[in-house]
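> Residues 308 to 636 (the numbering used here) are what the sequence shown spells out, left to right. C-beta: ideal position from N, C-alpha, C; glycine also. Take this structure, written in structure tokens, and hold onto it; I'll ask about it next.
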Amino acid sequence: MPDISHPIPTNLILGFLGVGKTTAILDLLRHKPEHETWAVLVNEFGEVGIDGALLETEGAFVREIPGGCMCCVAGLPMQVGLNQLIHKARPDRLLIEPTGLGHPSQILDTLISEHYRDILAIGPVITLVDPRKLEDPRVLENVQFRDQVAAADILVANKTDLCTDTQLAHLDQWAAALEPAKQQVFRTLHGQLSPSWLDGKADPRDVSDPHAHHHHHGKAATPVPDIEDEPWQMVANRGQGHFSLGWRIHPKLVFDENLLMALAMDERVVRFKAVAHTLDGWRAINMVDGALSVSPSDSRELSRIELISAVEPDCQEFDQALRSAAGLD
């Protein structure tokens, strides 16, 4: 157990797939007090660690728990990763970003257990929602979405610049009917969160009866090969009704940016993320809900590319498409 002189302010940042959690944490890191050290424990459904790579650019200490939902590793694997992160960073604040396809209840159980009682000071749980999704009964009835909303102390409606007045009015009605009532409900855009929202009194909560859930965990974690020995690495994962394919690729392989964007917009893909070396330099590519964004990125030790689909993907087909984008066909 790390030796910490005082409890570390700790916040969970929750939200459904593609709502903008990583963007929100990046914004928070850009506005952290200059003299403070912040750390982020991040969990992605995929296996290649794109979110962690992006967060490290803002100077945070980052520890990743890839593959599946963090709740399924909320026992020893999460505790080991958390202890190592605290020991390394000695942070003034800790942010935890579970996958958008996960359940937060067991994570909270771990964080408020006696093992962390004197280590962590749990602040408000912040859950981001996209008001446009509230029109979809499948989202409202989704167990993960409901768990994330139930766990929230503060509810933040993101992407409000893309919403109609009717959608925002529906948001207000929906949020007002939640029981128990939330401490605060905020609206924002582009994932902009006020750092002051992170501060609050630690609030023990009853998370002893989380919704039961069952899903396939995919293959067990295996050591990552050295990129020099294996310059093209593809990994897969499945669970919660979704499938992911991810690639770690040596930076000497350079992609056609237009072909990467075409792959991102494939109708079978519900989420696409990449930090990749292209003919025009390093690019961060993000696609969610049919909206594609591309921005310059710092150079990395390797390219990381990931797609998520609601239907089982043809691994060979997607791998060949990506190889073509790298000029390997």
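If we call anything under 8 Å between Cβ atoms a contact, is Leu402 one with Val436?
No. Outside cutoff.
> Quick one: what's Thr434 bridged to in DSSP?
Leu321 and Leu462, per the DSSP bridge assignment.
> Runs of 3 residues minimum, wholly inside the stretch 553–593: which ones carry the beta strand (DSSP E) assignment?
Those beta strand (DSSP E) runs which fall completely within the stretch 553–593 and span 3+ residues are 576–585.
> Between the alpha carbons of Tyr423 and Gln391, how many angstroms are there, rounded?
In a straight line, the C-alpha of Tyr423 is about 14 Å away from that of Gln391.
> Excluding the five sequence neighbours on either side, which residues of its own chain have a C-beta within less than 6 Å of the C-beta of Met541, listed in chain order?
Once the five neighbours on either side are set aside, the close Cβ partners of Met541 are Trp554 and Asp626.
> Excluding sequence positions up to five away, which residues of its chain have a Cβ less than 8 Å from the Cβ of Thr330?
So the qualifying residues of the chain are His497 and Gly498.
> CA-CA distance, Val432 and Ala458?
Rounded to whole angstroms, Val432 to Ala458 spans 7 Å at the Cα level.
> Return the CA-CA distance between Glu619 and Phe562, expressed in angstroms with no decimal places.
Roughly 25 Å between the two C-alpha positions.
> Between the stretch 312–326 and the stretch 479–491, do three or more beta carbon pairs fall short of 8 Å?
Not touching, per the Cβ criterion.
> Return yes when the Cβ of Ser602 is within less than 8 Å of the Cβ of His584, no when it is not.
In this structure, Ser602 does not lie closer than 8 Å to His584 by Cβ.
> Could you compute how far the alpha carbon of Leu298 sits from the alpha carbon of His313?
Outside the shown range of the chain, which is 308 to 636, sits residue 298, and nothing can be said about it.
> Taking C-alpha atoms, which residue in Thr406, Leu441 and Ser501 lies nearest to Ile372?
Nearest option by C-alpha distance: Thr406.
> Is it buried or exposed for Asp636, if we count other Cβ within 10 angstroms and need 16 for buried?
So Asp636 ends up on the exposed side.
> Do you know offhand how far Ala346's Cα is from Lys339's?
Computed Cα separation, rounded: 11 Å.
> Could you tell me the alpha carbon to alpha carbon distance between Val369 and Glu537, rounded to whole angstroms?
Going by the C-alpha atoms only, they are around 25 Å apart.
> Can you tell me which of the three DSSP states Glu404 falls into?
Strand at Glu404.
> Applying the 10 Å Cβ sphere with the 16-neighbour rule, what's the burial state of Asn565?
Exposed, since its Cβ has fewer than 16 Cβ neighbours within 10 Å.
> Could you check what DSSP says for Pro444 in three-state terms: helix, strand or coil?
Of the three classes helix, strand and coil, the one that applies to Pro444 here is helix, per DSSP.
> Looking at C-alpha atoms only, which residue of Asp334, Leu629, Ile393 and Arg400 is the closest neighbour of His342?
Among Asp334, Leu629, Ile393 and Arg400, the Cα nearest to that of His342 belongs to Arg400.
> List the endpoints of the continuous beta strand (DSSP E) containing Ser420.
Segment: none, Ser420 is in no beta strand (DSSP E) and carries neither H nor E.
> Going by beta-carbon coordinates alone, are Thr317 and Leu427 separated by less than 8 Å?
Contact flag set, yes.
> Going along the chain, which residues of its own chain have a beta-carbon closer than 7 Å to the beta-carbon of Ile332, five neighbours each way excluded?
Result list for Ile332: Ile320, Val347, Leu362, Leu402 and Glu404, in chain order.
> With H, G and I counted as helix, E and B as strand and the rest as coil, what does DSSP make of Glu371?
Correct three-state label for Glu371: strand.
> Can you grab the Cα-Cα spacing for the pair Pro444 / Ala591, in whole Å?
Approximately 32 Å between the Cα atoms of the pair.
> Start and end of the beta strand (DSSP E) containing Gln491?
Run containing Gln491: Gln491 to Arg494, per the beta strand (DSSP E) assignment.
> For Thr495, which of Ala482, Ala464 and His477 has the nearest alpha-carbon?
Answer by Cα proximity: Ala464.
> Between Leu478 and Gly430, how many whole angstroms is the CB-CB distance? I'm expecting something under 8 Å.
Actually they do not touch by this definition, with Cβ atoms about 24 Å apart.
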